[in-house]
Amino acid sequence: MMRDLRPSPAMARFRLALIAHDQKKAAMVAWAERHRAALARCQLYATGTTGSRIKERCPDLDITLMKSGPLGGDQQIGALIAEERLDGLVFFVDPLSPHPHDVDVKALTRLALVYDIPMACNLSTADLVVAGFEAMRRRPS
Ligand SMILES: O=C(CO)COP(=O)(O)O
1 MMRDLRPSPA MARFRLALIA HDQKKAAMVA WAERHRAALA RCQLYATGTT GSRIKERCPD
61 LDITLMKSGP LGGDQQIGAL IAEERLDGLV FFVDPLSPHP HDVDVKALTR LALVYDIPMA
121 CNLSTADLVV AGFEAMRRRP S
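As numbered in full-length UniProt numbering, residues 1 to 141 make up the sequence shown, in order.
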């Protein structure tokens, strides 16, 4: 079954979570800056360090900061998905470094699959997710 990704009238903003591993944080900040206008129309969540880094560069973005990933932030984002309070996830994964909380990352990925949440793990897919949100926002209901 296809999810209807249009925001309901009651939920006029897409709810998007942003996460980046350490080696990908600079790319995430640059990406967020590039999509600043579209992201300003979203309700944003982020793991602690990722969100703080984005806010340094884009202080106008309203981001709800969760805990840092290794301290449970990935699981908090997963809980948002399980409660159906998230419409998309951008998670810039570093495939070349080991992470002590790999099990949390796997659990988060699994929940995004279970709940059919658009999940972008690299730049080009993240661009498509934002373009998709913007196109759906403009589509007459
Ligand atoms: O570790 C992370 C994702 O697994 C990201 O967490 P931070 O944004 O707190 O660094």
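Note that beta-carbon positions come from the ideal geometry of N, C-alpha and C, so glycine has one too.
Model, not experiment: these values are computed from the prediction.
**OP:** Taking R15 as part of the beta strand (DSSP E), name the residues at either end of that continuous run.
**Re:** 15-20
Span separating the alpha-carbon of I117 from that of L86: 8 Å
8 Å Cβ cutoff met for residue 155 and I77:
The structure shown has nothing for residue 155, since the chain only spans 1 to 141.
For this session: Return the residue from the list L18, T125, F92, L108 that minimises the CA-CA distance to residue 142.
Result: With the chain covering only 1 through 141, there is no way to say anything about residue 142.
_On the DSSP letters alone, give me the boundaries of the alpha helix (DSSP H) that V29 sits inside._
25-34
*asked:* For P9, count the other beta carbons within 10 Å of its own beta carbon; 16 or more makes it buried, fewer makes it exposed. Which is it?
replied: At P9, the pLDDT of 46 sits below 50, so the modelled position is not reliable and the matter cannot be decided from this model.
Specify the secondary structure class of I117 as computed by DSSP and reduced to three states.
coil
Practice task
Taking L39 and L61 to be in contact with their CB atoms under 8 Å, please state how far apart those CB atoms are, rounded to whole angstroms.
Solution key: 6 Å
I'd like to confirm something about P70: is its beta-carbon nearer than 7 Å to some heavy atom of ligand 1, or not?
yes
Query raised in the report: Sorted by chain position, which residues of the same chain lie with C-beta nearer than 7 Å to V129's C-beta, five sequence neighbours on each side aside?
Result: G88, V90, P118, A120
Kindly examine ligand 1 and report whether one of its heavy atoms sits closer than 7 Å to the Cβ of G73.
-> yes
Exercise for review: Kindly list the residues whose CB is nearer than 7 Å to the CB of G73, restricted to its own chain and excluding five residues on each side of it in sequence; keep chain order.
Suggested key: T47, G48, M66, K67
Item to complete: Return helix, strand or coil for P9, following the three-state DSSP convention.
Response: For P9, the predicted model reports a pLDDT of 46, less than 50, meaning its position is unreliable; a value from the coordinates is still stated below. Coil.
Q. Is the beta carbon of I54 within less than 7 Å of some heavy atom of ligand 1?
A. no
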